[in-house]
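Residue numbers (the numbering used here): 2 to 588.
Have a look at this one:
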């Protein structure tokens, strides 16, 4: 082969290689351009969004929780502006404190702690320790007031941040505290009306989005967007705060005097069923860590002789007795199916009493004689009609429906003891509901504790009025009220200490024998109406397990008189002007 041929072949090979390499680079370049186009056209929105997430932080703006008020607008629960102060541990390392001349006088966490300690009421050492670390958000102190917050902002410390919150406060302390309820650290209602109306009260939180630097610090002049919160609505109750407070004090005094486990007072408006007072003994300022039960709706008890009202009322309705019907009443009877004798509280010979006298002197035996004239089924149905063994529907969580056996399971001794208020249980609100019906010409109106609500836009809505029910005839209820007056006026009446100066009252006392932890105990109970001639208020008083002076005539009855006196004075109810025309208690 000639030399020029070999040279030409080598040159062709080199050119081919060069062209191949060129084509390869052309393809690679085209692929790069294509990838850039894909990124530019199809992925730009996604990458932009990811970038925003990296550079944007979002904080919640708390909504103001609505108020809980009494019927006259007295604030029972309120929310006040507060602030949580926090530190970005990374950002604060860059902090420089400069004087008016721009000279650096301190740096970092130590200097920040020195400035903040007197404002937050904390030691420099404690604060300084909390500022060390790698976290971008650590709370230094929660619920700082607005004045302190403004002073902290003036310092303009790099890395110190805050969030706006609302602190729940209770301006009237323990007044109606179990009913009002409490909220937890997350501002969620955990008891009382705070829980029952939680969604309505709490509103809807807003949020603020803002740009941050790589170390987590808020960028000055960065983009910010805000979604405003929607505040919660407010709830107005039917309670009278000043009267509620007075009654709570009276109740606490009696619970201490008689060494009782607990006590309850309920006062309602006879014509509407609205609860004016629902007082629990031992109430303390609301605190989520110490939940308080509303004993008036959650704690059933045996009503004792107050239950005799149901037996007598059922007989009046059935027409088997009248206020003046006469009965021969021995001290004790021994029905064959009762498992032993049934006795009156105080020993006496056989005596003749009217049905009014039986009620006034609270005779167990006489009440059984009246009850036996009514069929067991009719008497049971009447008790159910009067609201027993069913919730009232009051706007409070955890309401008990009371305790009462099904009719087919009532037998033996229970058949008799139920006639005088034992072997079943009611709540104080249930009991007061039936007293309200007696006072309202036999018309029962379910108890209510809410007057109205007002939403965040200021729109008010009255609570729906319960549907009235005629549970007893007007004539028979009037007769029963007059019979109840003799409980106070009769020389042997058990309610003499319930008297209210200047007012006619109609009451019934009751002392139920119970067991508490296996030991004998009692429930002291008094319920009634004032003024008797035209009832305005239904009032129930319960003392559970009083160890000193446990008879209702000595404990619950005088307390009834005390709270009734406070109520008529506070509410401006005029004294009685009509003289009572009472039924005879004996022939």
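For glycine and all other residues, C-beta sits at the position ideal for the given N, C-alpha and C.
query = In three-state DSSP terms, what is residue 410?
reply = helix
message = Quick check on residue 53: does DSSP put it in helix, strand or coil?
response = At residue 53, the pLDDT of 44 sits below 50, so the modelled position is not reliable and the matter cannot be decided from this model.
task = State the beta-bridge partners of residue 162 as determined by DSSP.
result = 87
query = Do three or more CB pairs link the stretch 473-485 to the stretch 260-271 at distances below 8 Å?
reply = no
task = Run the CB neighbour count on residue 320, radius 10 Å, all protein chains shown included, and call it buried at 16 or more, exposed below.
result = exposed
request  = Please confirm whether residue 318 and residue 383 have their CB atoms less than 8 Å apart.
outcome  = yes
query = How about the stretch 67-78 and the stretch 195-202: do they share at least three Cβ pairs that are nearer than 8 Å?
reply = yes
query = Apart from the five residues just before and just after residue 228, which ones in its own chain have a Cβ nearer than 8 Å to its Cβ?
reply = 62, 207, 208, 209
query = Cα separation between residue 211 and residue 455?
reply = 34 Å
query = Terminal residues of the continuous beta strand (DSSP E) containing residue 522?
reply = 520-531
ask   = Taking the alpha-carbon positions, what's the residue 418 to residue 168 distance?
value = 52 Å
query = So residue 160 packs on residue 93, CB below 8 Å; how close in whole Å?
reply = 3 Å
message = I need the straight-line Cα distance from residue 191 to residue 525, nearest angstrom please.
response = 31 Å
ask   = According to the Cβ coordinates, are residue 490 and residue 552 closer than 8 Å?
value = no
task = Name, in chain order, the residues that DSSP records as bridge partners for residue 228.
result = 208
ask   = Can you tell me whether DSSP reads residue 259 as helix, strand or coil?
value = coil
Test item: CB-CB of residue 181 and residue 78 under 8 Å = yes
task = Specify whether the stretch 467-474 and the stretch 438-456 touch according to this definition: at least 3 beta carbon pairs, one from each stretch, less than 8 Å apart.
result = yes
ask   = If you pair each beta-carbon of the stretch 329-340 with each one of the stretch 413-428, do three or more pairs fall below 8 Å?
value = yes
key: residue 366 and residue 324 closer than 8 Å at C-beta   = no
message = Here's the rule: buried if 16 or more other CB atoms are within 10 angstroms of the residue's CB, otherwise exposed. What is residue 140?
response = exposed
query = Measuring CB to CB, does residue 280 end up less than 8 Å from residue 245?
reply = yes
task = Within 10 angstroms of the Cβ of residue 393, are there 16 or more other Cβ atoms? Answer buried if so, exposed if not.
result = buried
Element boundaries [beta strand (DSSP E), containing residue 540] = 538-545
query = Taking buried to mean at least 16 other C-beta atoms within 10 Å of its own C-beta, is residue 259 buried or exposed?
reply = buried
task = Counting only the same chain and skipping the five closest in sequence on each side, list residues whose C-beta sits under 6 Å from that of residue 232.
result = 64, 65, 204, 457
ask   = What is the DSSP secondary structure of residue 40, reduced to helix, strand or coil?
value = Note that residue 40 has pLDDT 49, beneath the 50 cutoff, so the model's placement of it is unreliable and no number is given.
message = What does the alpha-carbon distance come out to for the pair residue 125 and residue 186?
response = 27 Å
inquiry  = Here's the rule: buried if 16 or more other CB atoms are within 10 angstroms of the residue's CB, otherwise exposed. What is residue 347?
reply    = exposed
ask   = Buried or exposed: where does residue 562 fall if 16 or more other Cβ atoms within 10 Å of its Cβ makes it buried?
value = buried
task = Consider the C-beta atom of residue 450 and the heavy atoms of the ligand GTP; say whether any pair is separated by less than 7 Å.
result = The ligand GTP is absent from the structure shown, which contains no ligand whatsoever.
query = So, is residue 546 buried or exposed, given that buried needs 16 or more other C-beta atoms within 10 angstroms?
reply = buried
inquiry  = Can you tell me whether residue 168 is helix, strand or coil according to DSSP?
reply    = strand
ask   = On the premise that residue 309 lies in contact with residue 360, defined as a C-beta separation below 8 Å, what is that separation, rounded to the nearest angstrom?
value = 6 Å
task = Quick one: give me the first and last residue of the alpha helix (DSSP H) that residue 563 is part of.
result = 557-572
task = Have a look at the DSSP bridge pairing and note the partners of residue 511.
result = 526
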